[in-house]
Amino acid sequence: MDEEAQEFIDNLETRYGGKITWKTFATWYGCSDSTFREYGVFIFKINKTLYFEDFEKKYSLFGMELKTKKKNKVKYVKLERQIEIDDIINVYKVSQANALDVIKNRKDPKSVKSINLFDKLFRKSVTAIALKDGTYHYFELLNTEDFKKNIN
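Position one of the sequence shown corresponds to residue 2 (my numbering), numbered consecutively onward.
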């Protein structure tokens with residue numbers, strides 16, 4: 002790990018008061034409360050809590066930041082959330098289209114079923130996390146099985 006990355010991890014451990022025991026990245030995130038991030042979030046575990054946060058997306062080409070048109074730019078608001086692992090009641094895969102319908106309040110999250118073989122082959126899928134309070138989080142994870150292993 003390079004010096005800048007280690008400094009970032011040390012800062013998180015100081016801020017949240019514990020040692021990061023596992024970390025990953027989700028390339029897409031949504032929540033049943035209509036929160037949505039198309040450019041991903043950093044997820045990490047300290048004790049029995051999952052924390053996640055995003056970063057402002059900056060466009061670059063060959064390592065040089067590109068200027069974007071400001072009139073169409075939506076003001077960035079940092080996402081910082083946490084999930085108590087003991088509050089998770091289910092982890093399963095759903096189609097990304099169904100997750101988007103939940104995020105946009107067009108579908109009840111309880112009506113969304115796990116993906117079937119057809120979905121696995123022909124549709125983009127995301128990992129759904131159902132919480133005791135009725136909230137659903139959706140992540141496009143790099144490795145769902147590793148995620149499940151690290152929250153048990």
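Backbone N, C-alpha and C fix where the C-beta goes; we use that ideal spot for every residue, glycine too.
8 Å contact criterion, which residue i and residue j should meet: CB distance rounded
i	j	result
PHE140	TYR30	6 Å
THR25	ILE44	5 Å
Cut-off 8 Å between Cβ atoms - residues of its own chain near residue i, not counting five sequence neighbours on either side
i	result
ARG38	TRP29, TYR30, GLY31, ASP55, LEU80
ILE152	LYS46, LEU51, ILE86, ILE89, VAL92
ILE130	ILE84, ILE89, ASN91, VAL92, TYR137, HIS138, TYR139, PHE140
ASP109	VAL103
Residue i to residue j span [Cα, whole Å]
i	j	result
VAL113	GLY19	35 Å
LYS133	LYS46	19 Å
SER33	VAL103	6 Å
GLU8	ARG107	42 Å
ASN117	ASN99	13 Å
LEU142	ASP88	20 Å
GLU85	VAL92	14 Å
PHE53	PHE119	31 Å
LYS105	VAL95	15 Å
GLY135	THR145	21 Å
SER115	ALA27	19 Å
VAL42	SER35	16 Å
ARG82	ARG16	13 Å
VAL75	LYS121	33 Å
LYS1	TRP23	Limits of the chain in this structure are 2 at one end and 153 at the other, which puts residue 1 out of reach.
ILE21	ALA6	13 Å
LEU13	ASP3	16 Å
LEU101	PHE123	17 Å
TYR40	LYS111	26 Å
Start-to-end residues for the alpha helix (DSSP H) that takes in residue i
i	result
ILE104	97 to 104
ILE84	Not the alpha helix (DSSP H): ILE84 falls in the beta strand (DSSP E), residues 81 to 85.
GLU146	145 to 152
Nonlocal neighbours in the same chain, by C-beta distance under 7 Å from residue i, ignoring five residues either side
i	result
ASN48	GLY19
TYR77	GLU57
Start and end residues, beta strand (DSSP E) containing residue i
i	result
LYS20	Taken as a continuous stretch (DSSP letters only), LYS20 belongs to no beta strand (DSSP E), as it is neither H nor E.
THR50	50 to 54
LYS46	42 to 47
Beta-carbon contacts of residue i that lie in its chain and below 6 Å, excluding the five residues immediately before and after
i	result
GLN97	LYS125, VAL127
Just list the beta strand (DSSP E) runs in the segment 101 to 141, keeping only unbroken ones of 3 residues or longer that don't cross its boundaries, in chain order. 126 to 132
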